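**Q** Residue numbering for the sequence shown follows our numbering, beginning at 1 and increasing consecutively.
For every residue, glycine included, the Cβ atom is placed at its ideal position computed from N, Cα and C.
All values reported here derive from a predicted model rather than from experimental measurement.
Provided herewith is a single structure, encoded as structure tokens, for subsequent inquiry.
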Amino acid sequence: MRTFTFDGHDSPVVVLDEATTGLDPAAAAEVLRAIEKLCEGRTTLAVTHDVQVALTADRIAWIEDGKLLFTDAPARLLARHEAFRAWVAAAEGDREGVRVGVSS
1 MRTFTFDGHD SPVVVLDEAT TGLDPAAAAE VLRAIEKLCE GRTTLAVTHD
51 VQVALTADRI AWIEDGKLLF TDAPARLLAR HEAFRAWVAA AEGDREGVRV
101 GVSS
């Protein structure tokens with residue numbers, strides 16, 4: 001059982017570190033719904049390796065070996081960066097190409 005605690009009543013910024021790691025899809029979806037409500041109107045920085053979590057972001061920063069390689073909206077990253085497309089495709093089980101619709 002994972003406990004989600006939020007003690008930043010007036011904080012304009014929320015930082016999440018792997019908030020859904022180790023959760024089954026149903027539990028992850030429940031946690032994400034709770035986070036969405038709690039973080040409404042706040043700047044939220046989410047560190048994640050989960051493609052589905054990343055694709056919900058307004059902007060994604062791709063960091064590799066401690067270096068920021070690129071940052072943009074998910075749809076633009078899918079259009080412009082092969083490494084990002086490959087990551088999404090691998091998570092979707094489709095290594096040949098990505099057929100994911102993302103709105104930003």
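In the structure shown, what three-state DSSP assignment does Ala106 receive?
**A** What the structure shows of the chain is the stretch from 1 to 104, and residue 106 is not part of that stretch, so it cannot be assessed.
**Q** Indicate whether the contact test is met: 3 or more Cβ pairs, each with one atom in the stretch 47–62 and one in the stretch 19–34, closer than 8 angstroms.
**A** They touch, by the three-pair rule.
**Q** What separation, rounded to the nearest whole angstrom, lies between the Cα atoms of Leu16 and Ala29?
**A** Counting from one through the sequence shown, the residue named residue 16 turns up at place 16. Counting from one through the sequence shown, the residue named residue 29 turns up at place 29. Rounded to the nearest angstrom, the two C-alpha atoms are 15 angstroms apart.
**Q** What's the C-alpha gap between Arg95 and Ala27?
**A** What you label residue 95 is simply residue 95 of the sequence shown in a count that begins at 1. What you label residue 27 is simply residue 27 of the sequence shown in a count that begins at 1. Bear in mind that a pLDDT of 39 at Arg95, under 50, signals an unreliable position, so the number given afterwards is only what the model happens to contain. Computed Cα separation, rounded: 27 angstroms.
**Q** Using the Cβ count rule (16 or more neighbours within 10 Å means buried), how would you classify Ala46?
**A** To locate residue 46, count along the sequence shown from 1; it is residue 46. Flag for Ala46 reads buried.
**Q** Considering Ile45, what are the terminal residues of the alpha helix (DSSP H) in which it resides?
**A** Position 45 of the sequence shown holds residue 45. In the sequence under discussion, the amino acid at residue 45 is Leu, which differs from the Ile named in the question. Taken as a continuous stretch (DSSP letters only), Leu45 belongs to no alpha helix (DSSP H), being part of the beta strand (DSSP E) at 43–47.
**Q** Excluding the five sequence neighbours on either side, which residues of its own chain have a C-beta within less than 8 angstroms of the C-beta of Ser11, listed in chain order?
**A** On the sequence shown, residue 11 is found 11 positions in, with the first residue counted as 1. Cβ within range, chain order: Arg42.
**Q** Just the C-alpha distance for Ile60 and Val13, rounded to the nearest angstrom, thanks.
**A** Counting from one through the sequence shown, the residue named residue 60 turns up at place 60. Counting from one through the sequence shown, the residue named residue 13 turns up at place 13. Ile60 and Val13: Cα-Cα distance of roughly 16 angstroms.
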